[in-house]
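K.L.:
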Amino acid sequence: MIRSMTGFGQAEGTVGTSRVLVEVRTVNHRFFSPSIKLPGAYGRWETEVREAMRLKVSRGHVTLTARSERLATQAIAIDDERFAAVVAQLRELHDRHGLSGGVDLATVLRMPDVMSAPREDEDTGTVADLIAIVERALDHLGRARAEEGARLATVLRERLDMVDGALQRIALRAPERLLAQRDRLRAAVRELTDGLAVDEMRLAQEIAILADRMDVSEELDRFRSHVAAFHSVLADAGGEPVGKRLGFLLQEMLREANTTGSKAADAAILLDVVGVKEELERIREQVENLE
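Okay, so the sequence shown: first residue is 1 according to the numbering used here, each after it adds one.
(1) Run the CB neighbour count on GLY43, radius 10 Å, all protein chains shown included, and call it buried at 16 or more, exposed below.
(2) Suppose you measure from the CA of ASP161 to the CA of LEU71; what does that come to, to the nearest Å?
(3) GLY149 to LEU172, Cα distance in whole Å?
(4) Mind checking whether PRO241 and SER58 have CB atoms under 9 Å apart?
(5) Mind checking which residues open and close the beta strand (DSSP E) that includes SER100?
(6) Are MET214 and ARG177 close, meaning C-beta to C-beta below 9 Å?
(7) Thinking C-alpha only, which one of LEU234, GLY125, GLN251 and ARG284 is nearest SER68?
(8) What does DSSP give as the partner residue(s) for SER35 in the beta ladder?
(9) Return the CA-CA distance between THR65 and ALA166, expressed in angstroms with no decimal places.
(10) Starting from the C-beta of LYS277, find all residues in its chain whose C-beta is less than 6 Å away, skip the five residues before and the five after it, and write them out in chain order.
(11) Give the secondary structure of ARG3 by DSSP, where H, G and I count as helix, E and B as strand, and everything else as coil.
(12) Can you tell me the Cβ-Cβ gap for SER4 and GLU281, rounded? I've got them flagged as a contact below 8 Å.
(13) Does the Cβ-Cβ distance between ARG30 and GLY7 come in under 9 Å?
(14) What do you reckon, are the CB atoms on THR14 and LYS37 nearer than 9 Å?
(15) What did DSSP end up calling VAL216 once you bin it into helix, strand or coil?
(16) Give the DSSP-derived three-state secondary structure of GLU291 in the structure shown.
(17) According to DSSP, is LEU71 part of a helix, a strand, or is it coil?
(18) Unbroken alpha helix (DSSP H) runs of length 4 or more, entirely within the segment 221-280: which are they?
(19) Starting from VAL22 and walking both ways along the beta strand (DSSP E), at which residues does that stretch end?
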């Protein structure tokens, strides 16, 4: 399966008394490069989260962000005994010192230990709860990357078909070009010798040397083998990352295209070689987005 390095996935679930939303985004990168942003209460589980990401994503810059929200706010507790003791103490002070006014509710509630609020870290759940959400988000990311990878594979096949068409034209043109170069060489020799006798054997040897120097059949055969290997990888990736392998095949194709161009000595072939190199560059841009 071909996977893109660009994708997005999210999942949510419960961790302790909080609702947690996990979002994962990826972009292309030569290696596995994680970036993790967790709420403070879950910071101690960053190592486990990174390992879960590494098992699901082989290449790419991966940004994981988790946000938490408490499911429900626990009611504020009032200590009745403490409340009564504070009221009694305040009234005693009021009477003893002859203070004006009375003891009101707001004053009592502001006294220490009368009210108790729930602690923010009261129940943070377990690492397994968080990892389960992270893995679901990564699964959604994987499906998105696979869908994008399938679209990229279709584009790559279309580009390769264009390259193959150019190779066929070059293969057809190459013998015609050799015949034209042979006739051109014979005409040039006749003109230069100005009617003098010519050693036909020597001329035949020079023509053979020229033909060997201009022969691109080996380059085209190797080029076709690289194209076939490229198609094979696209057809059966076996679940393994293929971006680096395809990149290597593209380098080999470009090498053969350059050699073919240097041997061309023909405008039509050179035009096709330039077109092939343009298509290879477009393919390279897409391959850089594959895992």
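In this text, a Cβ means the ideal position worked out from N, Cα and C, and glycines have one as well.
P.N.:
Quick answer:
(1) By 1-based counting over the sequence shown, the position of residue 43 is 43. Flag for GLY43 reads exposed.
(2) If you number the sequence shown from 1, residue 161 lands on position 161. If you number the sequence shown from 1, residue 71 lands on position 71. For ASP161 and LEU71, the distance between alpha carbons rounds to 56 Å.
(3) Residue mapping note: residue 149 aligns to position 149 of the sequence shown, counting from 1. Residue mapping note: residue 172 aligns to position 172 of the sequence shown, counting from 1. If you take the alpha carbons of GLY149 and LEU172, they lie about 35 Å apart.
(4) Against the sequence shown, residue 241 aligns to sequence position 241. Against the sequence shown, residue 58 aligns to sequence position 58. Result yes, Cβ atoms of PRO241 and SER58 sit closer than 9 Å.
(5) As a working mapping, residue 100 is identified with position 100 in the sequence shown. Here SER100 belongs to no beta strand (DSSP E), and DSSP marks it neither H nor E.
(6) For the purposes of this step, residue 214 is taken as residue 214 along the sequence shown, with counting starting at 1. For the purposes of this step, residue 177 is taken as residue 177 along the sequence shown, with counting starting at 1. Yes, these two residues count as a Cβ contact at 9 Å.
(7) Locating residue 68 in the sequence shown gives position 68, where the first residue counts as 1. Checking every option, the nearest Cα to that of SER68 belongs to GLY125.
(8) Counted from its first residue, the sequence shown places residue 35 at position 35. In DSSP, SER35 forms a bridge with THR63.
(9) For the purposes of this step, residue 65 is taken as residue 65 along the sequence shown, with counting starting at 1. For the purposes of this step, residue 166 is taken as residue 166 along the sequence shown, with counting starting at 1. Cα to Cα, THR65 sits roughly 47 Å from ALA166.
(10) In the sequence shown, residue 277 corresponds to position 277, counting from 1. Result list for LYS277: ALA257, in chain order.
(11) Within the sequence shown, numbered from 1, the residue matching residue 3 stands at position 3. If DSSP states are grouped into helix, strand and coil, ARG3 belongs with coil.
(12) Position 4 of the sequence shown, counting from 1, holds the residue named residue 4. Position 281 of the sequence shown, counting from 1, holds the residue named residue 281. Going by Cβ atoms, the distance from SER4 to GLU281 rounds to 19 Å, so no, they are not a contact pair.
(13) Here residue 30 is taken as the residue at index 30 of the sequence shown, counted from 1. Here residue 7 is taken as the residue at index 7 of the sequence shown, counted from 1. In this structure, GLY7 does not lie closer than 9 Å to ARG30 by Cβ.
(14) Position 14 of the sequence shown, counting from 1, holds the residue named residue 14. Position 37 of the sequence shown, counting from 1, holds the residue named residue 37. No, the Cβ-Cβ distance between THR14 and LYS37 is not below 9 Å.
(15) Taking the sequence shown and counting its residues from 1, the one referred to as residue 216 is at position 216. Reduced to three states, the DSSP call for VAL216 is coil.
(16) Indexing the sequence shown from 1 puts residue 291 at position 291. Of the three classes helix, strand and coil, the one that applies to GLU291 here is coil, per DSSP.
(17) By one-based count along the sequence shown, residue 71 stands at place 71. Residue state, collapsed to three classes: coil.
(18) 243-264
(19) Taking the first residue of the sequence shown as 1, we reach residue 22 at position 22. 18-27 is the extent of the beta strand (DSSP E) around VAL22.
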